[in-house]
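Here the structure comes first, spelled out in structure tokens, and everything after it is commentary.
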Ligand SMILES: Cc1cc2nc3c(=O)[nH]c(=O)nc-3n(C[C@H](O)[C@H](O)[C@H](O)COP(=O)(O)O)c2cc1C
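Residue numbers (the working numbering): 145 to 527.
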């Protein structure tokens, strides 16, 4: 049954559209100036690659599918009130290139079921993993059953819960009460109807929380660390064009440029955990793939290679897709994915890695500043 678009629904829809506009504009300073930390990591060159460059296998397994690249198109949009052409474009790209696709928050569907076509992407992407998305702060007010029922209507393979306290704290009318979120996530996992993925939105998840989430039944954790889109800054940019009646806690955003845990630092701290009991040398070899998605500031095939070498199951990107589409439409999106694939394959060849398992055995060297940051995070986190 369709419910009419209520005032909250209309507000959410206008806000989503503004977020997309702000992020699409390269003049907007929405990115963390530190970067994600991948530039500090150097894969070991192999002068005798026992591999055929044309037979490098970049496939990865994710949610029962074989994806052609270890690259998730991160959760972004839907319910913008403009027919959501962007989701359809991304869904077609995902299908054509064999990539998993995350959909933006489906919160609006609990205000306006008329927006369902914006999220019902299965017919455009029948053969790839599709992920529905909801904010952690909304979990408390929604029964697990209702959420799962909506996700089933969208024919998705998993439900993503996003953690975005940074965004909520500055967003006018944002959800400021995050109590009970861990329990709500656990209840959703216990419901058992579909895999649950938990992600941040650009400030990262500390290693201890990653381990706790996985132990509580979460299937995958998407780090969505700092280094790329920074929602304090997105809201700050949007804050310059607020609607009347909205107020923006702008001071926080200007105090907190470069907030959060950089993606590569979290991943390295997770990779170093266990066997060597937190002792992080100047080189790293991931021993086993983690059910972890490395996203937040991932920019290239080389970054993806570094993330996989550090133990990520796959990587994810949001902003590069928004910017490519804004600059050159579907052709630019296509070029972006082709370039990433070519770059990843070249890097793997130069490391002598025939597939992702081989890439995880290559090893990385890291500068002392990076190693110090990883050591500090591991120590503070254990604290
Ligand atoms: C325009 C835009 C909209 C987004 N909307 C959502 C969302 O609805 N739900 C969500 O979990 N994350 C959302 N994100 C966050 C991304 O999924 C991702 O975690 C974050 O942008 C960091 O990745 P990046 O540095 O590659 O952009 C959005 C990002 C962008 C750029």
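Note that the Cβ used here is the ideal one computed from N, Cα and C, for glycine as well.
If we ignore side chains and look at the alpha-carbon of each, how far apart do residue i and residue j end up?
| i | j | result |
| --- | --- | --- |
| residue 310 | residue 343 | 13 Å |
| residue 433 | residue 516 | 23 Å |
| residue 361 | residue 243 | 25 Å |
| residue 282 | residue 157 | 16 Å |
| residue 419 | residue 429 | Residue confidence for residue 419 is low, a pLDDT of 49 falling below 50, so the modelled location carries little weight; the figure read from the coordinates is stated next. When rounded, the distance between both Cα atoms is 11 Å. |
| residue 514 | residue 184 | 6 Å |
| residue 365 | residue 304 | 9 Å |
| residue 445 | residue 151 | 42 Å |
| residue 221 | residue 499 | 32 Å |
| residue 264 | residue 377 | 30 Å |
| residue 176 | residue 336 | 36 Å |
| residue 179 | residue 406 | 7 Å |
| residue 442 | residue 402 | 16 Å |
| residue 411 | residue 454 | 7 Å |
| residue 308 | residue 302 | 19 Å |
| residue 202 | residue 334 | 33 Å |
| residue 164 | residue 246 | 15 Å |
Which same chain residues end up closer than 7 Å to residue i when comparing Cβ atoms and leaving out the 5 residues on each side of it in sequence?
| i | result |
| --- | --- |
| residue 493 | 193, 195, 197, 200 |
Can you list, in chain order, the residues of its chain with a C-beta nearer than 6 Å to that of residue i? Leave out the 5 residues immediately preceding and following it.
| i | result |
| --- | --- |
| residue 382 | 162, 166 |
| residue 451 | 438, 459 |
| residue 512 | none |
| residue 368 | 343, 344, 345, 346, 439, 440 |
| residue 468 | 476, 477, 480 |
| residue 332 | 288, 340 |
Taking the alpha carbon of residue i as the reference point, which residue from the options has its own alpha carbon closest?
| i | options | result |
| --- | --- | --- |
| residue 505 | 176, 324, 188, 318 | 188 |
| residue 482 | 328, 465, 470, 356 | 465 |
| residue 276 | 256, 293, 248, 463 | 248 |
| residue 486 | 212, 526, 182 | 212 |
| residue 182 | 468, 435, 470, 456 | 456 |
| residue 338 | 214, 488, 293 | 293 |
| residue 316 | 403, 159, 496, 507 | 159 |
| residue 261 | 245, 291, 278, 225 | 225 |
| residue 155 | 215, 406, 216, 251 | 251 |
Is residue i near ligand 1, with its Cβ less than 7 Å from a heavy atom?
| i | result |
| --- | --- |
| residue 249 | yes |
| residue 441 | yes |
| residue 346 | yes |
| residue 220 | yes |
| residue 177 | no |
| residue 280 | no |
| residue 304 | yes |
| residue 381 | no |
| residue 466 | yes |
| residue 463 | yes |
| residue 186 | no |
| residue 164 | yes |
| residue 202 | no |
| residue 231 | no |
| residue 210 | no |
| residue 416 | no |
| residue 499 | no |
| residue 475 | no |
Might you give, ordered along the chain, the residues of its own chain that have their beta carbon closer than 8 Å to the beta carbon of residue i, omitting 5 neighbours on each side?
| i | result |
| --- | --- |
| residue 266 | 274, 298, 299, 300 |
| residue 253 | 223, 259, 260, 263, 294 |
With a threshold of 7 Å, establish whether the CB of residue i neighbours any heavy atom of ligand 2.
| i | result |
| --- | --- |
| residue 522 | As presented, the structure is devoid of ligand 2, carrying ligand 1 as its sole ligands. |
contact_flag[the region 339-356, the region 286-293] where n(CB pairs < 8 Å) is 3 or more: no
Can you confirm whether the region 470-489 touches the region 371-379 when touching is taken to mean that 3 or more C-beta pairs between the two stretches lie within less than 8 Å? no
Taking contact to mean 3 or more Cβ pairs, one atom from each stretch, closer than 8 Å, check whether the region 167-178 and the region 230-248 are in contact. no
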